[in-house]
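One structure is given here, and the rest of the page talks about it.
Chains as they are written, first to last, in the working numbering: chain S, 5 to 522; chain W, 51 to 359.
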């Protein structure tokens, strides 16, 4: 064979080369079908930590759903001001308790849903029936209302009465979690893309890639500054931060102090409190001196300053300032290692097995730097003379320790918990965490239970005072918790957007509060 | 060849059933997912309602029979997390992974063939040493680190490429480059080793003595014989990518099957997990059959023999 007969392209490479061209062509097709997502002055681009599983209105108490849908697509009857904690009118203009168990609400006139149907008492009643009284299994039902059904009646087009089985002084607060939907919404199935009365409607959901909202011309309130909002999602917070730095996004949620976003990061109190929950049913945590020793052994100031750049606040209770029932007089336990050691020694002398293992149960990746925090806690408790074993678990396993019925363990458990205070009232905290039968409570006392029941039924100033006493009593007499810090969230924000986050931004990111910076 | 193909398909059926049963049983062993889907303060009544609504209160064998019946009708059930059809979710995610894996592997194989052959021409020469160093480094660099550094350099510092996503041709570069490096490194080593061995065979000397050009000697004589081991390794590497490039999909926000499977595991979304695993298993069995057929095309010794009466 002569050199002139050589093939122009090696035969063995022909097929891979052809395949390569085909694959790149295929890729090109896919890319061509994707929107380039270029910046536009009337579109705000938001990057979230995860894709919303659904935008169903009755699941909007889920952070990943609510951050898109609440007050953007749908609206509640009543809303809680995140700064003042006060309830304010939204689709209901006024409300009052007409009897011990009945509340009457006057509804806003001239409001229409995005499908053109009018908002009225019938729609409000349907929303409550659908979310609270049906068999849909809405998340908001379990979160706010429990097993109790509500009796709802549309008295006329703008008057609604809601009757509770027992007196409920915070029913208006509970109603603030219900996003109103029209009667055309399915009552037997959940709806992924709801219709609401909000300033934006859902334009398109490219599953796995992007959600686009567009402003709705028929909105009853002020027209928002941005015509569109685009949501994308990236699991890695460093990538979300990079999207702000590189100009690919305008707002990034849930950043970490390590994300190096510089001046484009905005801190805000995110209403999350971190604490250790101590199981007093097992030695050595069954002795209050050991539980007190744990509180003295933790250097909260050091943790906040070294791990969180001083941005978190040392906590003395499970609820931060701004929540009804927060006790401003309570001070965090001082860091006093000697005191902690002496309390442990005292307990040991009294016959408590202080060498028994304590499992420090922590959920992996629950919040930034949780692994480092867990290691610091383990070390500090060990220095106090306790035998602590660290257990880092994924969410599902962690839940078996967090919620009743609790997992059996080889000994006492100190569980790291991150408590969200988005509900705005201490009742949502103490009923779960401090009642002796609470879903997230290891123990209580009959006297403590009575205090909690009394506070739950109280209203106004008496209610605030009762809950303040409960938090003080917890620290003095019960000591189920070793509080660590009230957290601060970080939102990445491009210079092109004006927006001031508040304590509810993580759960309800109102696009209508954003404006272009120029 | 058709008989061979039919035999392979039949022999793949049993492992497929084992995969289906295994995933079903292992998923159910992780417990009731009610706590993951209900608020922490949900009452026992709500937990019981959730369990009954999703058929999780039935005996395991009844649940498995329902599941098998559904599989035969191509009905994999609904996602607990999104309420969507589980099969539709898996089918939507799979092409994204397949495109990424196929493009990556085609490029990796082409580059590895060129670099491996180049290195093998003069063992221990400069080219061999450079390619050896580069391929070892490529095979050893952790992909999560490379992905983050790639974003920092090319998206943030230089601004040439987008950080992530699937919008625009540029969005493909970093994910593919990240995925490409390890298969490239491994394949260069394999191609280089096979080619060094093949180039020292007597038939190569014969070809050269007959006046064949170096390019033809390499591509037509040596590479044809040296390609089989590379094909085997490339097949294994492709299976790994088709199984889901989890790290790359997570960091770059690539909506693929790997990320879907991990999310389904973490969320105990049984229906989606089962659909995704079954789809991936079928694809891997198909891929293995294709690799075997490719192997047969390359090497007459492993070709199935059909004896005519």
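Even for Gly, the Cβ is constructed at its ideal location relative to N, Cα and C.
Nothing here was measured: the structure is a model prediction, and the numbers come from that model.
Euclidean distance between Cα positions of residue i and residue j
i, j, result
"residue 104 (chain W)", "residue 116 (chain W)", "12 Å"
"residue 27 (chain S)", "residue 412 (chain S)", "Bear in mind that the predicted position of residue 27 (chain S) carries a pLDDT of just 49, short of 50, making it too unreliable to give a figure here."
"residue 118 (chain S)", "residue 158 (chain S)", "21 Å"
"residue 374 (chain S)", "residue 119 (chain W)", "44 Å"
"residue 386 (chain S)", "residue 392 (chain S)", "6 Å"
"residue 380 (chain S)", "residue 307 (chain S)", "8 Å"
"residue 274 (chain S)", "residue 314 (chain S)", "15 Å"
"residue 256 (chain W)", "residue 271 (chain W)", "10 Å"
"residue 521 (chain S)", "residue 250 (chain S)", "18 Å"
"residue 443 (chain S)", "residue 402 (chain S)", "14 Å"
"residue 101 (chain S)", "residue 288 (chain S)", "48 Å"
"residue 267 (chain S)", "residue 248 (chain S)", "11 Å"
"residue 11 (chain W)", "residue 272 (chain S)", "Outside the displayed span of chain W (51 to 359) sits residue 11 (chain W), for which this structure offers no information."
"residue 306 (chain W)", "residue 282 (chain S)", "41 Å"
"residue 102 (chain W)", "residue 167 (chain S)", "29 Å"
"residue 73 (chain S)", "residue 346 (chain W)", "56 Å"
"residue 269 (chain W)", "residue 339 (chain W)", "25 Å"
"residue 388 (chain S)", "residue 359 (chain S)", "11 Å"
"residue 123 (chain S)", "residue 165 (chain S)", "16 Å"
"residue 112 (chain W)", "residue 321 (chain W)", "15 Å"
"residue 151 (chain S)", "residue 92 (chain W)", "9 Å"
"residue 359 (chain W)", "residue 56 (chain W)", "Residue placement at residue 359 (chain W) cannot be trusted, given a pLDDT of 47 that sits under 50; the coordinates are not used to answer."
"residue 301 (chain S)", "residue 238 (chain W)", "56 Å"
"residue 501 (chain S)", "residue 519 (chain S)", "6 Å"
Nearest-angstrom beta carbon gap, residue j and residue i [assumed within contact, 8 Å]
i, j, result
"residue 511 (chain S)", "residue 67 (chain S)", "5 Å"
"residue 425 (chain S)", "residue 324 (chain S)", "6 Å"
"residue 140 (chain W)", "residue 128 (chain W)", "About 13 Å separates the two Cβ atoms, so there is no contact after all."
Any chain W beta carbon closer than 7 Å to residue i
i, result
"residue 146 (chain S)", "yes"
"residue 162 (chain S)", "no"
"residue 58 (chain S)", "yes"
"residue 14 (chain S)", "Here residue 14 (chain S) scores only 44 on pLDDT, less than 50, and its place in the model should not be relied on; the value that follows carries that caveat. It does: the Cβ of residue 14 (chain S) has a partner Cβ on chain W nearer than 7 Å."
"residue 35 (chain S)", "For residue 35 (chain S), the predicted structure reports a pLDDT of 37, less than 50, and the residue's modelled location is therefore unreliable. The matter cannot be settled from this model."
"residue 407 (chain S)", "yes"
"residue 187 (chain S)", "no"
"residue 184 (chain S)", "no"
"residue 367 (chain S)", "no"
"residue 243 (chain S)", "yes"
"residue 385 (chain S)", "no"
"residue 498 (chain S)", "no"
"residue 463 (chain S)", "no"
"residue 240 (chain S)", "yes"
Beta carbon of residue i nearer than 7 Å to that of residue j
i, j, result
"residue 364 (chain S)", "residue 418 (chain S)", "yes"
"residue 319 (chain W)", "residue 179 (chain W)", "no"
"residue 235 (chain S)", "residue 50 (chain S)", "yes"
"residue 228 (chain S)", "residue 203 (chain S)", "yes"
"residue 471 (chain S)", "residue 430 (chain S)", "yes"
"residue 86 (chain W)", "residue 400 (chain S)", "yes"
"residue 276 (chain W)", "residue 248 (chain W)", "yes"
"residue 129 (chain S)", "residue 156 (chain S)", "yes"
"residue 58 (chain S)", "residue 200 (chain S)", "no"
"residue 228 (chain W)", "residue 252 (chain S)", "no"
"residue 492 (chain S)", "residue 330 (chain S)", "no"
"residue 2 (chain S)", "residue 205 (chain S)", "The structure shown does not extend to residue 2 (chain S), since chain S is modelled only from 5 through 522, so no value can be given for it."
Min CB distance residue i to chain S below 7 Å
i, result
"residue 89 (chain W)", "yes"
"residue 271 (chain W)", "no"
"residue 340 (chain W)", "no"
"residue 78 (chain W)", "no"
"residue 205 (chain W)", "yes"
"residue 300 (chain W)", "yes"
"residue 242 (chain W)", "no"
"residue 131 (chain W)", "yes"
"residue 213 (chain W)", "yes"
"residue 108 (chain W)", "no"
"residue 126 (chain W)", "no"
"residue 85 (chain W)", "yes"
"residue 225 (chain W)", "no"
"residue 284 (chain W)", "no"
Beta strand (DSSP E) runs wholly inside the stretch 299-325 of chain S, at least 3 long, in chain order:
none
Which runs of the beta strand (DSSP E) fall wholly inside the stretch 180-230 of chain S and span at least 3 residues, in chain order?
204-210 and 214-219
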